[in-house]
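Reading through the structure tokens given below for one structure.
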Amino acid sequence: MNELELLEQADTLARAYTRQISTRPAFPDTAALAALKGFDEPLSDKGQPENETLTLLNQLGSPATVASNGPNYYGYVFGASLPVAAGAERVSLAWDQCASSAETSPAADAIERKAGQWVLDILDLPPESAVAFGTSATACGLSCLAAARAELLARKGWDYLQDGLMGAPEIKVVISETAHITIRKALQILGFGWARVLKAPVDTHGRIIPEQLPALDDSTILILQAGEVNTGEFDPFAQIMPLAEAAKAWVHVDGAFGLWAQASPELRPLTKAVERADSWTTDGHKWLNTPYDGAMAICRNPAALARVMNSDAAYSIASAAAQKNLTLEFSRRARGIPIWAALRSLGRDGVAQMVRRHHHQAKHVAKALEAAGFEILNRVVLNQVLVRGASPVATQNILAQVQASGIAWFGGSTWQSGPAFRISISSFRTQDSHIENLIDLLVKIGPNG
Ligand SMILES: Cc1ncc(COP(=O)(O)O)c(C=O)c1O
């Protein structure tokens, strides 16, 4: 098989998979999982035929995939992949660009610059901000927090890049009690001891209580949330931002999925004053429905991000705005291309409509489940519905039955010391008919499990 025939085979397999995406089991059955043993081959000395390799990948791999690219998957906050974004990804895979700078890929550089401008435009964030297209909200959050620390130290006359942390003025970190685990991960990589991180108390919705916020000062990084992972709630930015501004603290907002509420006029009240922060992270692969892995580190002060992320070498010098000088990666895929494609094809209205539709679907699910005797634990301000059955055991039973059904899938969580399950509506493929199927399934199982 020559190269083009092989790529055609791959395309045929990918098309066949996509054709069935709406009817695939939401989670693989036991036979498909057992068949994964087939991958357990010894590494061959002489190699194996290329077309057979793709055939094996498809035969064993496809049935064992989680249908998170389909309409019936409500787990985590996994978005599906918009066809235009997946298509742009396919084209850019053929390009195989090292999208470090304008020198290594003029096309990627130009497209990602435009994508960055559009991201700032649709999220209504300061137009002077840098937008770095990284792998995940985790990696992008890490980048922003590194920039925040270096900048706060610089304001105190400490050169972090030259002198490191030994003997440096202490930087205080304040986070929400309900901050996402990946914020903790970023902080631990950066060397902020967990016991020293100050946790801000939250209300019953998981939002920081401004009156109980630990004292802020000009050595503080304050990390807020746009979209709490269980409830979908937002910290009250409008009340907190003036406090942070008065203290000259650095405010970072984890908006992995929730920042996209900015795109919807109806949901904009949730994000009021979010644009006054210093840095933000959000994902494309969640609510914008672009393929994995594509996220954004957005920093109001581009120089602050570029200083900690710079990777210029004698043989590789680029502008401060080059992606290799803003992201963790040196060699990298152009993660901004699918984001550009999604924004270009959806436009402002398309993103707003998708976000709004998911919110309305979530409210509908909550109402129907409540009427059927389930306990709804959140206010459903966004796309997350947090649910409990009649008892902790019933909640676990309901979850197990749904997960085994193949009809739909969502995950469990713990909320206020008790088990719960979390329905996240994040896929462009999820139409009202899928929502009705989900409700039917749960109503049939019932709150007693
Ligand atoms: C609120 C929040 N922050 C951060 C993350 C981490 O995002 P990523 O998986 O892109 O690293 C998630 C993922 O679920 C999230 O929901």
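Each residue of the sequence shown is one higher than the one before, starting from 23 at the first, in my numbering.
C-beta atoms are modelled at their ideal positions from N, C-alpha and C, and glycine is treated no differently.
As the structure is a computational prediction, the values presented were derived from the model and not from experiment.
Taking Cβ positions, are residue i and residue j nearer each other than 8 angstroms?
{"i": "residue 108", "j": "residue 90", "result": "no"}
{"i": "residue 121", "j": "residue 130", "result": "yes"}
{"i": "residue 402", "j": "residue 391", "result": "no"}
{"i": "residue 285", "j": "residue 377", "result": "yes"}
{"i": "residue 370", "j": "residue 144", "result": "yes"}
{"i": "residue 273", "j": "residue 299", "result": "yes"}
{"i": "residue 449", "j": "residue 327", "result": "no"}
{"i": "residue 172", "j": "residue 340", "result": "no"}
{"i": "residue 46", "j": "residue 92", "result": "yes"}
{"i": "residue 244", "j": "residue 271", "result": "yes"}
{"i": "residue 419", "j": "residue 471", "result": "yes"}
{"i": "residue 219", "j": "residue 212", "result": "no"}
{"i": "residue 416", "j": "residue 469", "result": "yes"}
{"i": "residue 461", "j": "residue 407", "result": "no"}
{"i": "residue 381", "j": "residue 404", "result": "yes"}
{"i": "residue 269", "j": "residue 242", "result": "yes"}
{"i": "residue 375", "j": "residue 447", "result": "no"}
{"i": "residue 72", "j": "residue 23", "result": "yes"}
{"i": "residue 265", "j": "residue 232", "result": "yes"}
With DSSP as the reference, identify every bridge partner of residue i, one or two as the case may be.
{"i": "residue 398", "result": "409"}
{"i": "residue 244", "result": "196, 273"}
{"i": "residue 436", "result": "441"}
{"i": "residue 320", "result": "153, 302"}
{"i": "residue 221", "result": "197"}
{"i": "residue 230", "result": "224"}
{"i": "residue 95", "result": "431"}
{"i": "residue 123", "result": "BP columns for residue 123 are empty, so no partner."}
{"i": "residue 256", "result": "248"}
{"i": "residue 335", "result": "338"}
{"i": "residue 446", "result": "406"}
Kindly indicate which residue of the options has the alpha-carbon position closest to the one of residue i.
{"i": "residue 204", "options": "240, 75, 276, 177", "result": "276"}
{"i": "residue 281", "options": "270, 196, 294", "result": "294"}
{"i": "residue 50", "options": "458, 430, 467", "result": "430"}
{"i": "residue 140", "options": "467, 306, 463", "result": "306"}
{"i": "residue 76", "options": "455, 278, 33", "result": "33"}
{"i": "residue 466", "options": "144, 380, 424", "result": "424"}
{"i": "residue 142", "options": "127, 321, 110", "result": "321"}
{"i": "residue 80", "options": "66, 94, 57, 67", "result": "57"}
{"i": "residue 297", "options": "259, 41, 193", "result": "259"}
{"i": "residue 194", "options": "454, 216, 461, 24", "result": "216"}
{"i": "residue 454", "options": "387, 397, 464", "result": "387"}
{"i": "residue 246", "options": "233, 189, 262", "result": "262"}
{"i": "residue 478", "options": "128, 231, 112, 161", "result": "Nothing can be reported for residue 478: it is not among the residues displayed for the chain, which extend from 23 to 471."}
{"i": "residue 119", "options": "416, 353, 175, 210", "result": "353"}
{"i": "residue 442", "options": "396, 189, 457, 460", "result": "396"}
{"i": "residue 312", "options": "106, 264, 127", "result": "106"}
{"i": "residue 206", "options": "463, 73, 160", "result": "160"}
{"i": "residue 316", "options": "325, 323, 304", "result": "304"}
{"i": "residue 52", "options": "426, 230, 264", "result": "426"}
{"i": "residue 85", "options": "23, 42, 29, 333", "result": "42"}
{"i": "residue 323", "options": "308, 342, 44, 289", "result": "342"}
{"i": "residue 351", "options": "333, 266, 337", "result": "333"}
{"i": "residue 31", "options": "68, 70, 78, 44", "result": "78"}
{"i": "residue 368", "options": "309, 74, 188", "result": "309"}
{"i": "residue 289", "options": "335, 379, 234, 325", "result": "379"}
{"i": "residue 28", "options": "337, 389, 67, 74", "result": "74"}
Report back the beta-carbon spacing between residue i and residue j to the nearest angstrom; my notes put them in contact at under 8 angstroms.
{"i": "residue 147", "j": "residue 302", "result": "6 angstroms"}
{"i": "residue 155", "j": "residue 331", "result": "So it is not a contact: roughly 12 angstroms between Cβ atoms."}
{"i": "residue 98", "j": "residue 428", "result": "Going by Cβ atoms, the distance from residue 98 to residue 428 rounds to 18 angstroms, so no, they are not a contact pair."}
{"i": "residue 451", "j": "residue 157", "result": "Contact doesn't hold; Cβ gap of about 24 angstroms is too wide."}
{"i": "residue 48", "j": "residue 95", "result": "5 angstroms"}
{"i": "residue 114", "j": "residue 359", "result": "5 angstroms"}
{"i": "residue 190", "j": "residue 180", "result": "5 angstroms"}
Please confirm whether residue i has its beta-carbon closer than 8 angstroms to some beta-carbon of chain D.
{"i": "residue 361", "result": "Although the question refers to chain D, the structure presented lacks it and comprises just one protein chain."}
Are three or more beta carbon pairs between the region 364-374 and the region 334-354 nearer than 8 angstroms? The answer is no - the region 334-354 does not touch the region 364-374, with fewer than three Cβ pairs under 8 angstroms.
Would you call the region 192-199 in contact with the region 219-236, where contact means no fewer than 3 C-beta pairs closer than 8 angstroms? yes
Does the pairing of the region 249-261 with the region 432-452 give three or more beta-carbon distances under 8 angstroms? yes
When the Cβ atoms of the region 233-242 are set against those of the region 52-69, are three or more pairs found closer than 8 angstroms? no
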